[in-house]
Amino acid sequence: MSGIISSFPASCGAEVTGIDFTKPLNEGTTTKLNRAFLKYAVLVIRDQVLTPKQLVKAVSYFGSIFEQQNKRFCIPNCPDIHYISNQERYPDGTRYIPGAGFHTDHSNDYLPPKATVLLAIRLPDVGGDTQFVNMCAAYDGLEPKTKKRIAELRAVHIYQSTHSQRKLMDLSKDNPRYVPKSAVHPLVRVHPETGKKSLYINPIRIQRIIGMSEEEGIVLLSDLLGHATQNKYQYRHQWRFHDMVIWDNRCLLHKANGDYDHSQERFLYRVMLEGDKPV
Ligand code: SIN
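Here it is, written out as structure tokens:
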């Protein structure tokens, strides 16, 4: 069995060294990594110099690949992998920073991805961190009366909420992937593997909460987000070249920071893994 796992002094996350995904992993190491993934929710696996094919193999130790929604970001000859790049522009010419603003990935799907994996290929000299929020800890930290208030609530998630402060890149008309118009998910979900409860909110995709006016729902979501994103629930990842980071979308929010010199490229490969229906 190989790999050394050291937890970060934060609400979630651990560093993993001594793993080489260019070579087959034995069963003991695979089990150890998957247990660590459930325990820490974010694994920062250092020093992974991988081709796209090797990345596909590496993520297969954690699950099956989820087909991403917006196919315009596929990398050539390997459609399972998408890219994240600060060199993209909206049609009006302004810069597009993928992943800015706290969110969980693709929650407008009926079965949103359980995990997302990023592999750092090119990074700015300074900045461009990714922040993660432990939504189990955030849920545990809510007042009992708030827990009671939200216990049975469900939210409607769409591709792009009209309340979102970040504009997503539009789906092209010939986007080959079917993208659900909307999906309804509970505000509090139970992790299918750990059994822990977490807040499941997404400011980019939630349009409304069932049984509330849109305004009332947005106020509640904004209060929950303010509570959840306190520093005590966060881990902030400063990227190093060849970091492969995998995180659990079922119990985390994350966001990219666009706080760096945009003449420098930030380019990462991105893969997601299939998940379950949130309950
Ligand atoms: C994402 O939201 O999937 C990207 C996060 C990042 O680029 O740091």
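Numbering (the numbering used here), first residue to last: 1253 to 1531.
Using N, Cα and C, we set each Cβ at its ideal position, and we do this for glycine too.
These numbers come from a predicted model, not from an experiment.
Short Cβ contact (8 Å threshold) for residue i with residue j
{"i": "W1491", "j": "G1380", "result": "yes"}
{"i": "K1507", "j": "F1354", "result": "yes"}
{"i": "F1318", "j": "E1526", "result": "yes"}
{"i": "Y1292", "j": "S1263", "result": "no"}
{"i": "L1439", "j": "A1480", "result": "no"}
{"i": "R1502", "j": "R1441", "result": "yes"}
{"i": "G1351", "j": "I1336", "result": "yes"}
{"i": "P1432", "j": "N1322", "result": "no"}
{"i": "Y1452", "j": "P1530", "result": "yes"}
{"i": "D1357", "j": "M1464", "result": "no"}
{"i": "S1515", "j": "R1457", "result": "no"}
{"i": "H1494", "j": "V1301", "result": "yes"}
{"i": "D1528", "j": "L1363", "result": "yes"}
Own chain partners of residue i with C-beta closer than 6 Å, once the 5 adjacent residues on each side are dropped
{"i": "E1445", "result": "L1290"}
{"i": "L1370", "result": "V1497, L1520 and R1522"}
{"i": "H1415", "result": "I1470"}
{"i": "Y1485", "result": "S1263, V1385, N1386, A1389 and A1390"}
{"i": "I1257", "result": "A1266, V1268 and A1288"}
{"i": "G1510", "result": "I1349 and A1352"}
{"i": "D1299", "result": "H1494"}
{"i": "N1278", "result": "none"}
{"i": "E1466", "result": "R1460"}
{"i": "H1443", "result": "R1502 and C1503"}
Residue i, buried or exposed, once every other Cβ within 10 Å from all chains shown has been counted against 16
{"i": "N1454", "result": "buried"}
{"i": "M1496", "result": "buried"}
{"i": "A1536", "result": "This structure gives no information on residue 1536, because the portion of the chain shown stretches from 1253 to 1531."}
{"i": "K1275", "result": "exposed"}
{"i": "Y1430", "result": "exposed"}
{"i": "R1347", "result": "exposed"}
{"i": "H1533", "result": "Missing from the structure shown is residue 1533; the chain here goes from 1253 to 1531 and no further."}
{"i": "N1243", "result": "Residue 1243 lies beyond the stretch modelled for the chain, which goes from 1253 to 1531, so this question has no answer here."}
{"i": "K1397", "result": "exposed"}
{"i": "G1315", "result": "buried"}
{"i": "R1518", "result": "buried"}
{"i": "K1366", "result": "buried"}
{"i": "S1450", "result": "buried"}
{"i": "Q1482", "result": "exposed"}
{"i": "A1403", "result": "exposed"}
Closer than 7 Å: residue i CB and nearest the ligand ADP heavy atom
{"i": "D1475", "result": "Within the structure as shown, the ligand ADP is missing, the only ligands being the ligand SIN."}
Neighbourhood of residue i by C-beta, 8 Å cutoff - its chain only, sequence neighbours within 5 removed
{"i": "Y1487", "result": "F1260, A1262, S1263, C1264, G1265, V1294, Q1383, F1384 and N1386"}
{"i": "N1286", "result": "Y1313 and F1314"}
{"i": "I1461", "result": "L1405, R1406, A1407, V1408, L1439, E1468, G1469, L1472 and L1473"}
{"i": "Y1342", "result": "Y1348, K1419 and M1421"}
Cβ shell of residue i (< 7 Å), same chain only, five flanking positions each side left out
{"i": "S1254", "result": "G1270, I1271 and T1281"}
{"i": "L1375", "result": "W1491, F1493 and R1518"}
{"i": "Q1320", "result": "H1334 and M1524"}
{"i": "K1284", "result": "M1253 and G1255"}
{"i": "T1368", "result": "D1357, W1499, N1501, R1522 and M1524"}
{"i": "L1477", "result": "F1354, I1453 and P1455"}
{"i": "S1424", "result": "R1324"}
Can you list, in chain order, the stretches of the beta strand (DSSP E) that have 3 or more residues and sit fully within the segment 1478-1502? 1486-1489 and 1496-1500
Please go through the segment 1394-1443 and give each complete alpha helix (DSSP H) segment of 4 or more residues, from N-terminal end onward.
-> 1396-1402
- Is it true that the segment 1329-1340 meets the segment 1302-1316, where meeting means three or more beta-carbon pairs spaced less than 8 Å apart? yes
For a minimum of 3 consecutive residues, which ranges assigned as the beta strand (DSSP E) are wholly contained in the segment 1311-1389?
1330-1337, 1367-1374 and 1382-1386
- Can you list, in chain order, the stretches of the alpha helix (DSSP H) that have 4 or more residues and sit fully within the segment 1274-1309? 1279-1292
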